[in-house]
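Trainee:
There are 2 protein chains.
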Amino acid sequence: MPDILHKVGIKSSSLNDVYSALTEIDNLSAWWTTDTKGGTKVGGALQFRFGAGGFDMKVLELHPATRVLWQVVDGPEEWIGTTISFDLKQNDDWTIIIFKHAGWKQPVEFMHHCSTKWAVFLLSLKSLLETGKGAPYPNEIKLDSWE
Amino acid sequence: MPDILHKVGIKSSSLNDVYSALTEIDNLSAWWTTDTKGGTKVGGALQFRFGAGGFDMKVLELHPATRVLWQVVDGPEEWIGTTISFDLKQNDDWTIIIFKHAGWKQPVEFMHHCSTKWAVFLLSLKSLLETGKGAPYPNEIKLDSWE
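Chains as they are written, first to last, in the working numbering: chain P, 1 to 147; chain X, 1001 to 1147.
1. From which residue to which residue does the alpha helix (DSSP H) around W118 of chain P run?
2. Give the single residue among X:D1087, X:N1091 and X:D1093 whose Cα lies nearest to the Cα of F1099 of chain X.
3. Please report the straight-line C-alpha distance between V68 of chain P and L1143 of chain X, rounded to a whole angstrom.
4. Kindly list the residues whose CB is nearer than 6 Å to the CB of T1034 of chain X, restricted to its own chain and excluding five residues on each side of it in sequence; keep chain order.
5. Which word fits A1052 of chain X, buried or exposed, when buried means at least 16 other C-beta atoms lie within 10 angstroms of its C-beta?
6. So, helix, strand or coil for N1139 of chain X, using DSSP?
7. Using a Cβ-Cβ distance cut-off of 8 Å, determine whether K7 of chain P contacts chain X.
8. Would you kindly work out how many angstroms separate the C-alpha atoms of S1145 of chain X and P1107 of chain X, rounded to a whole number?
9. Determine the chain P residues that contact M1111 of chain X at a beta-carbon separation under 7 Å, and present them in chain order.
10. Quick check: is the beta carbon of P107 of chain P nearer than 8 Å to any beta carbon in chain X?
11. In terms of DSSP beta bridges, what is G1009 of chain X paired with?
12. Anything in chain X within Cβ reach of N91 of chain P, meaning under 9 Å, just list it in chain order.
13. With 16 other CB atoms within 10 Å as the buried threshold, where does S1115 of chain X fall?
14. Out of curiosity, what's the CA-to-CA distance linking G9 of chain P and L122 of chain P?
15. Would I25 of chain P pass as an interface residue toward chain X - the criterion being a Cβ-Cβ separation below 8 Å?
16. Can you say whether S13 of chain P is buried or exposed, counting buried as having 16 or more other CB atoms within 10 angstroms of its CB?
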C-alpha cells in the first residue's frame, strides 16, 4: 500500500517543543487548523475541522519527545483506518520530524493532493516553531478550486 | 515500489505557461535551481545542480500542454533509474500539475526528505507562475542541517 512520506527539520527548536506542537490543542490549532478540539491523551479522539469537512483522529501512541501516532476514525472514505505518525530526532541544531501517513488503499488523485497539503501544513508547523507564526487553515496555501 | 506523489494547482495560469515552466531552461532555473543547463528536447539531458551535487535527467516524453517525463541518469544512487512525470490539466481557473517521482527501491529517510523538498520546489513553481517570483536553489526553504 502506498504511503505519504515527509521529513521536515526545524531550526533552533527542541524535541519537547515539537512534541508539544503535535500534542496540545492550542499548538495544533496554530499550524494545522484553527478549528481543533477533542481529547489529547492516548485513547482520546482529536477533531480537526476545515469548514464543513475534517478528520477525527484517535490517539494511539504518545512517547514524549519521540513519537506520536494517530489513526483516522472519521473523515473522507480514503482516510478512514489510515495512520499518521510523527517520529522526532535531533540532528545538530535541527529537530527533525519523520512523517508517514500510511495505509492508503490506492494512489488516487486525492492522495497526490493530500501529500502536497501535508507538506504545506508541515511547513506551517516549521514556521510556527521558527518564527512564532504558522499558517493554519483557513490561511494556508490553497492548491485547487474546491478548497 | 513506493512513489512520491504531489498535486499543485496554479491560479490564473495556463497549460501552455505551466508546460513552458517545465521545459525551458530559463523557466526551470526560476523555480528549481538557478544552475540548470542541457538539452530540453526528447532524448536530451538536463543538468540540475545544487552546489556540489545534482541530477541529470534524460527527457523521455514531451507532450505540449499535457505531459513531461524525465528519467534520472546521474545523481544520488537512490535516484538513478527513477522517473519523474508532470501531467497537466485545467480545473476551472486552476491549472493542475499531477506529479509523480516513481521507482524508488525503498522508503528510506532520504525519500521522506525528497518528498517534502519536491513540495517546496513545486510551491516555488506555483509562486513563479502566480506572482512572477519563484524561490529556486539556493534560495529555497531548507529542511536539514546538511543542506
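Yeah, the Cβ is synthetic: ideal placement off N, Cα and C, and Gly gets one too.
Mentor: In short, the structure shows the following:
1. In the first sequence, residue 118 of chain P corresponds to position 118, counting from 1. Annotation for W118 of chain P: the continuous alpha helix (DSSP H) segment containing it runs E109 to T131.
2. Along the second sequence, read from residue 1 onward, the residue named residue 1099 of chain X stands at position 99. Looking at the Cα atoms, X:D1087 is the closest of the given residues.
3. Position 68 of the first sequence, counted from the first residue, corresponds to residue 68 of chain P. Position 143 of the second sequence, counted from the first residue, corresponds to residue 1143 of chain X. Straight-line Cα distance between these residues: approximately 20 Å.
4. As a working mapping, residue 1034 of chain X is identified with position 34 in the second sequence. Contacts found: P1136.
5. The residue you call residue 1052 of chain X lines up with position 52 of the second sequence. Exposed, by the Cβ-count rule.
6. Mapped onto the second sequence, residue 1139 of chain X falls at position 139. In the structure shown, the three-state DSSP call for N1139 of chain X is coil.
7. Your numbering for residue 7 of chain P matches position 7 in the first sequence. Answer yes: the Cβ-Cβ gap between K7 of chain P and chain X drops below 8 Å somewhere.
8. Position 145 of the second sequence, counted from the first residue, corresponds to residue 1145 of chain X. Position 107 of the second sequence, counted from the first residue, corresponds to residue 1107 of chain X. About 21 Å.
9. Here residue 1111 of chain X refers to the residue found at position 111 when the second sequence is read from its first residue. Those within 7 Å of M1111 of chain X in chain P are L5.
10. As a first step, residue 107 of chain P is located in the first sequence; it is residue number 107 there, counting from the start. True, the Cβ-Cβ gap to chain X drops below 8 Å.
11. Residue 1009 of chain X sits at position 9 when you count from the first residue of the second sequence. The partner list for G1009 of chain X (beta bridge, DSSP) reads X:I1096.
12. To locate residue 91 of chain P, count along the first sequence from 1; it is residue 91. D1144, S1145 and W1146, listed in chain order.
13. Taking the second sequence and counting its residues from 1, the one referred to as residue 1115 of chain X is at position 115. Buried, because 16 or more other Cβ atoms sit within 10 Å of the Cβ of S1115 of chain X.
14. Along the first sequence, one-based indexing puts residue 9 of chain P at 9. Along the first sequence, one-based indexing puts residue 122 of chain P at 122. Linking G9 of chain P to L122 of chain P through their CA atoms gives a straight-line distance of about 10 Å.
15. For the purposes of this step, residue 25 of chain P is identified with residue 25 of the first sequence, where counting begins at 1. No - not a single Cβ of chain X is within 8 Å of the one on I25 of chain P.
16. Start at 1 with the first residue of the first sequence, and residue 13 of chain P comes out as number 13. With 16 or more Cβ atoms within 10 Å of its Cβ, S13 of chain P is classed as buried.
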